[in-house]
Amino acid sequence: MADGAVSFLLQQLTALLHDELNLLGGLEQEVQSIKHELEALRVFLEVADGKEETDTSIKGCVDQIREISFELQDVLDKYLLRFGRRRGTNGFVRFLNKVGDYSFKNLKARRQIASEIKTLNSRLEKVVKSQQIYRDMHSIIDHGSSSPVAETNEYVYDGRGDALFLKEEDVVGIEKPKKDLLEWILSTGSGLDVISVVGMGGLGKTTLVKKVYDDENVKTYFDRHVWIAVSDYKNDKHFLENLIKKLAGEIKESHPQGLNDMSIDEMRDFIRVFLKGKKFILVLDDIWRHTTWEVIKFALPRKGAHGCVIITTRHNNIGNEACSETNDHVYDLKPLSEKKSKELFFKKVFKQNSCPDHLMQFAESILKRCKGLPLAIIVIGGLLATKESRAEVWDLFNRSLGSELEGDKRLWRLFSVSYNDLPYYLKYCFSYLSIFPEGGLLEKEKMLRLWTAEGFVQLKQNLNLEEVAAVYLNELCSRGLIQVAEKHADGRVRGFRIHDLLRDYITSKSREHNIVTVYNGQQEPWSNHKIRRLAIQNSIHLSIEASNVEHLRSLILSNGGMEMRLIKEFVTRCRLLKVLDLRGSPIESIPDEVFKLYHLNYLCFRNTMIKVIPKSIKYLQKLETLDLKNTEVSQLPKEILKLRRLRHILVYKYKVDDWYIVSFGHMQSFRAPCNIGSLQYLQKLCFVDADEVTVREIGKLTELRRLGIAKLRSEHGNALCSSIANLTRLQSLTIGSSEESEKLDLDYSLSSSSSQGLPFLRALFLSGYMEKVPQWIPSLQGLSTLHLRWSKLRLDPLSCLQDLPSLTYLLIQDAYFERLSFQAHGFKKLKVIRLYDLQFMKWMKVEEGSIPSLQKWEVCNCQILTEPPQGIEQLKNLKKLSFHDMPEEFVNMLVEERRSQGDTWRLAHVPHIYFSIKRNNGFREYLSLDEMCESDSDAV
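Take the sequence shown: its letter number 278 is residue 278 in full-length UniProt numbering, and every next letter is one higher.
Structure below.
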């Protein structure tokens with residue numbers, strides 16, 4: 001991980017030499033010198049990074065380089081803290097500061113810092129010489145490899161091959177996956193078919209495919225059977241050589257003469273000719289590189305053969321790519337169910353295959369952390385099988401599970417293969433996820449903003465930092481290291497999850513490489529006296545009186561916040577902070593010390609009682625994110641306009657009355673200063689009060705991705721539409737009127753001389769009286785989510801919305817139309833419909849061929865609706881139908897219809913039908929249709 005520390009330092013040095021040259025004074029030569037030395041080390045570090053675990057000499061060298069890089073960052077940041085924060089003052093003060101730069105005191109400070117840099121440069125040179133680093137570098141590069149297993153000359157047992165020799169009692173829950181794969185394999189026709197089995201390490205991909213490969217039906221169906229573990233070979237040429245040997249061995253022949261001298265193309269030609277005309281199955285187990293698939297796919301005959309290739313991989317994109325030219329047979333292997341997990345665990349731990357009652361609570365806690373990962377269950381079960389069956393022994397094991405697994409190493413080695421395969425910048429990003437509490441949601445937007453603020457993200461051509469961060473996130477997901485946990489209703493990803501045991505692993509790595517130290521309220525975190533990032537998940541017993549925190553760059557809170565006294569201590573002593581997240585803290589004001597943090601990029605007071613942002617905010621010249629969500633702040637001072645690097649301003653608060661009911665004006669917004677358009681880098685602005693000046697200023701913010709506008713008056717609608725027309729990068733737009741009776745007048749064209757339309761707008765939320773749908777909405781080709789609240793629409797809006805090609809989610813609330821008709825072949829992709837408070841609606845109809853993809857339909861508080869939509873029976877993909885606060889006659893009619901018609905009922909194909917009924921006592925009761933039908937009394 002020294003590669004990451006060096007790379008981030010080089011970014012800082014490059015910026016200094018480019019942007020801050022006037023601040024360097026006499027230090028330019030020293031900075032250039034160490035920059036050149038570090039650039040020369042990067043090639044070595046990129047390759048050495050994955051060898052730290054197996055080569056102690058390299059590890060020692062890398063550790064020293066990392067520490068020197070950290071110390072250099074400290075020196076430079078302290079220098080900028082002293083000399084850089086004078087910026088942003090008025091001209092006369094800048095003149096006085098310039099004169100002051102040449103004072104004896106400042107010259108002495110510059111000489112001292114120059115001396116520190118020279119000392120660190122000398123230490124770096126000494127490390128290079130003592131470790132003979134350049135000789136090692138050439139040796140490492142000359143023996144480079146293409147697989148994470150073959151990255152060292154020393155063989156490291158990682159346990160993955162054990163899957164080929166598992167006992168029957170260790171194989172549980174593969175019946176259905178095996179059946180599904182056999183159906184695909186045995187339906188293989190002429191030509192070539194490719195099947196991918198994908199999933200994170202430890203899920204049992206190899207085990208599953210081996211059981212399929214050994215199945216008697218497969219053995220008799222194919223003439224040739226070859227299995228090869230791709231990751232066992234150091235490069236693609238080595239892999240092809242051994243594949244040819246296995247193919248030759250299959251027919252009991254020796255491999256061709258001169259094999260070692262063949263080129264890759266010659267070997268691919270040989271394989272293609274060899275397999276042509278054969279009926280073969282080829283398993284390529286554990287592919288890690290796109291290049292490996294590219295190499296082998298051109299060696300496979302497309303015509304004149306009857307072949308099936310099965311690959312296993314942890315990389316979803318490799319699995320998808322391999323199958324893209326055939327039948328798209330990608331099998332995404334899932335974790336074991338709770339029932340199957342228990343079955344495997346009990347088999348492994350107890351001879352009687354059942355758990356004693358006094359140990360059950362510990363077994364369930366351990367299995368919860370395993371989350372259905374078979375290898376984890378087997379390894380942990382094996383460890384527990386050697387321990388006494390006493391509650392105190394199991395309790396201790398459960399509480400120290402992470403250290404137990406570190407001692408066993410089998411599961412840790414499996415994780416390390418995936419971890420070491422990551423490029424350095426992804427290692428930093430991945431390890432950083434340990435800041436999230438165990439079991440917590442990894443919030444997508446928070447991750448992207450934090451990675452950017454920490455400096456983990458490198459700019460790429462034509463992409464901004466957040467877009468590059470999103471690429472990083474997608475790569476971690478593709479590698480199976482994180483999984484999608486929550487989505488918005490329209491399918492957009494909201495958050496991810498990480499396996500608890502994998503989180504334990506990266507927490508250990510993060511601590512080892514000094515990326516993040518996690519404090520959970522138990523052991524004090526100060527054992528590492530130079531911690532750089534601290535994630536506090538329980539601050540109750542934390543104190544810093546006897547600790548050295550001056551090197552801290554990030555302070556991130558979760559689960560409870562921190563008292564003002566402790567906040568002041570941290571902020572006073574941690575002058576180099578870049579990230580300060582004090583969410584949930586019981587504070588009503590911002591400590592003055594915060595505004596002295598020159599390096600601060602990210603400031604969060606979410607879920608606090610902060611009421612006012614003082615004018616001192618102007619001193620945070622590097623601030624990129626200001627998060628004041630769910631606070632009492634309702635106005636930002638004009639001094640905020642001095643923060644020209646701001647990218648995200650979040651100042652809003654939701655007020656929700658019930659699980660679906662929100663009152664008009666439920667959003668608390670803020671008043672912006674007049675010239676808000678001067679913040680040219682803003683990407684997120686939520687939620688700002690609309691006035692004559694603000695709606696025009698918004699048109700200058702051409703980098704906006706998300707915009708929230710509140711309290712819009714009808715006379716400002718035209719100007720707002722003109723401004724929105726300039727926001728061609730906009731992805732999400734929310735607009736609300738000032739009063740429920742105030743017309744939301746947006747029925748204007750969005751075209752302008754510079755406008756390209758809104759090609760990226762995917763979410764639109766309109767709240768206010770409109771009467772009809774604005775004319776520009778039907779032209780939004782990328783729109784996937786549309787909310788129309790308190791619209792008072794008098795005519796059926798569906799005819800103008802039905803041709804939106806990307807619309808998946810539609811919500812309409814408080815409209816006046818009486819009929820709603822989904823016309824034939826309309827709404828091709830719509831998956832979710834929510835209709836709330838349509839007090840005049842009497843009738844709904846679904847014509848044949850309409851909304852074919854619909855999965856969820858929710859109807860709430862439509863008091864004169866007498867029956868479900870006509871034609872709803874043809875919606876074969878409908879999975880869930882919900883009726884809330886509907887009239888008694890409506891509910892009772894459905895219940896009686898279901899009782900009398902049984903399986904022939906028109907809604908019998910919908911698996912989940914629910915009702916919520918608000919009783920006279922104020923409590924809400926939720927019942928399924930089956931529960932209501934089983935009741936002897938009336939439904940309502």
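Backbone N, C-alpha and C define an ideal beta-carbon position, used for all residues, glycine too.
Query - Three-state class that DSSP yields for Gln870 in the structure shown - result: Residue state, collapsed to three classes: strand.
Report task. Kindly identify the DSSP beta-bridge partner or partners of Gly699. Result -> According to DSSP, Gly699 bridges with nothing at all.
Requested in this report: Can you say whether Asn217 is buried or exposed, counting buried as having 16 or more other CB atoms within 10 angstroms of its CB?
Outcome: With fewer than 16 other CB atoms across the displayed protein chains lying within 10 angstroms of its CB, Asn217 is exposed.
Query raised in the report: Ser554 lies in the beta strand (DSSP E); which residues open and close that run?
Result: First-last of the beta strand (DSSP E) with Ser554: Ser554 to Leu557.
Report task. Please go through the same chain and pick out, in chain order, the residues whose beta-carbon is closer than 6 angstroms to the beta-carbon of Gln483, but skip the five residues on each side of it. Result -> If we look at Gln483 and ignore the five residues flanking it on each side, its Cβ neighbours are Arg497.
Requested in this report: Note down, in chain order, each residue of its chain lying with its Cβ closer than 6 angstroms to the Cβ of Arg789, except the 5 sequence neighbours on either side.
Outcome: Within its own chain, the residues whose Cβ lies closer than 6 angstroms to the Cβ of Arg789, once the five positions on either side in sequence are excluded, are Ser767 and Gln813, listed in chain order.
Query - Residue nearest to Asn877 in terms of C-alpha spacing, selected from Gln901, Gly849 and Cys862 - result: Looking at the Cα atoms, Gly849 is the closest of the given residues.
Query raised in the report: Taking the continuous alpha helix (DSSP H) assigned at His290, which residues delimit it?
Result: Looking at the DSSP string, the run of the alpha helix (DSSP H) that includes His290 is His290 to Lys297.
Requested in this report: Can you check the region 705-762 for any alpha helix (DSSP H) of at least 4 residues that lies completely inside it and give the ranges in chain order?
Outcome: The qualifying runs are 717-724.
Query - CA-to-CA distance, Ser900 to Leu929, given in whole angstroms - result: Each residue's Cα considered, the two are about 13 angstroms apart.
Query raised in the report: If Gly491 sits next to Ser784, beta carbons under 8 angstroms apart, how far is it from one beta carbon to the other, in whole angstroms?
Result: So it is a contact: roughly 7 angstroms between Cβ atoms.
Report task. Tell me, please, which residues DSSP counts as bridged to Ser821. Result -> In DSSP, Ser821 forms a bridge with Lys845.
Query raised in the report: What are the boundary residues of the alpha helix (DSSP H) that Trp412 is part of?
Result: Taken as a continuous stretch (DSSP letters only), the alpha helix (DSSP H) holding Trp412 covers Arg410 to Asn420.
Query raised in the report: Between the beta-carbon of His315 and the beta-carbon of Cys323, is there less than 7 angstroms?
Result: Not in contact: His315 and Cys323 (Cβ atoms no closer than 7 angstroms).
**Report entry** Assigned secondary structure, Trp776 (DSSP; H/G/I helix, E/B strand, else coil)
**Finding:** Three-state result, Trp776: coil.
Query raised in the report: Candidates Phe222, Lys210, Gln458 and Tyr221: which alpha carbon is nearest Ala229's?
Result: When Phe222, Lys210, Gln458 and Tyr221 are compared, the shortest CA-CA separation from Ala229 is found for Lys210.
Requested in this report: Would you be able to state if there are at least three C-beta pairs under 8 angstroms between the region 433-453 and the region 608-625?
Outcome: The region 433-453 and the region 608-625 touch, with three or more beta-carbon pairs separated by less than 8 angstroms.
**Report entry** When Arg606, Thr694, Ile590 and Thr608 are compared against Ile617, the one with the closest alpha-carbon
**Finding:** It is Ile590 whose Cα lies nearest to the Cα of Ile617.
Query raised in the report: Where do the ends of the beta strand (DSSP E) carrying Tyr428 lie?
Result: No beta strand (DSSP E) holds Tyr428; the alpha helix (DSSP H) holding it covers Tyr424 to Tyr432.
Query raised in the report: Do the region 686-702 and the region 717-729 meet, that is, are 3 or more Cβ pairs less than 8 angstroms apart?
Result: Yes, the region 686-702 touches the region 717-729.
**Report entry** Reference Val549; option with closest CA among Arg533, Leu704, Ile676 and Asn398
**Finding:** Closest option to Val549, Cα to Cα, is Arg533.
Query raised in the report: What whole-angstrom Cβ distance do Gly372 and Pro335 have, given they're in contact under 8 angstroms?
Result: Taking a contact as a CB-CB distance under 8 angstroms, the pair Gly372 and Pro335 counts as one, their CB atoms being some 3 angstroms apart.
Requested in this report: Express the C-alpha separation of Gly307 and Lys246 in angstroms, rounding to a whole number.
Outcome: The alpha-carbon of Lys246 is positioned some 16 angstroms away from that of Gly307.
Report task. Would you kindly work out how many angstroms separate the C-alpha atoms of residue 1011 and Val579, rounded to a whole number? Result -> Because residue 1011 is not part of the residues shown, which for the chain are 1 to 940, the question remains open.
Requested in this report: Quick one: residues in its chain with C-beta nearer than 6 angstroms to the C-beta of Thr188, no 5 flanking neighbours on either side, listed in chain order?
Outcome: Here the set comprises Cys308.
Query raised in the report: So Ser365 packs on Trp288, CB below 8 angstroms; how close in whole Å?
Result: Separation of the CB atoms of Ser365 and Trp288 is rounded to 34 angstroms, and the pair is thereby denied contact status at 8 angstroms.
**Report entry** Where Val379 falls: helix, strand or coil (DSSP)
**Finding:** Residue state, collapsed to three classes: helix.
Query - Exposure label - Gly463; buried when at least 16 CB within 10 Å - result: At residue 463 the sequence reads Leu, which differs from the Gly that was named. Leu463 sits exposed, since fewer than 16 C-beta atoms from the chains shown fall within 10 Å of its C-beta.
Requested in this report: Put Cys355 into one of helix, strand or coil per three-state DSSP.
Outcome: In the structure shown, Cys355 sits in coil (DSSP, three-state: anything other than H, G, I, E or B).
Query - Thr14, DSSP secondary structure in three states - result: It is helical.
Query - Buried or exposed by the 16-neighbour rule on C-beta atoms within 10 Å, applied to Gln841 - result: Note that residue 841 is Met in the sequence shown here, rather than Gln. For Met841, the number of other beta carbons within 10 angstroms of its own is at least 16, and it is reported as buried.
Query - Every unbroken alpha helix (DSSP H) within the UniProt domain "Disease resistance protein winged helix" (435-504), with a cutoff of 4 residues, ordered by chain - result: When DSSP assignments are scanned along the UniProt domain "Disease resistance protein winged helix" (435-504), the uninterrupted stretches of alpha helix (DSSP H) that are 4 or more residues long and fall wholly within it turn out to be 444-454 and 465-478.
Query raised in the report: Near Pro301, which residues of its chain fall below 6 angstroms by C-beta distance, leaving aside the five closest residues on each side in sequence?
Result: Closer than 6 angstroms at Cβ, skipping near neighbours: Arg272, Leu275 and Lys276.
Query raised in the report: In whole angstroms, what separates the C-alpha of Leu875 from that of Val895?
Result: Straight-line Cα distance between these residues: approximately 20 angstroms.
Query raised in the report: Taking buried to mean at least 16 other C-beta atoms within 10 Å of its own C-beta, is Val803 buried or exposed?
Result: The sequence shown places Asp at residue 803, rather than the Val named in the question. Looking at its Cβ environment, which holds fewer than 16 other Cβ atoms inside 10 Å, Asp803 is exposed.
Query raised in the report: Is Lys711 closer than 7 angstroms to Ser738 when the C-beta atoms are compared?
Result: The Cβ-Cβ distance between Ser738 and Lys711 falls below 7 angstroms.
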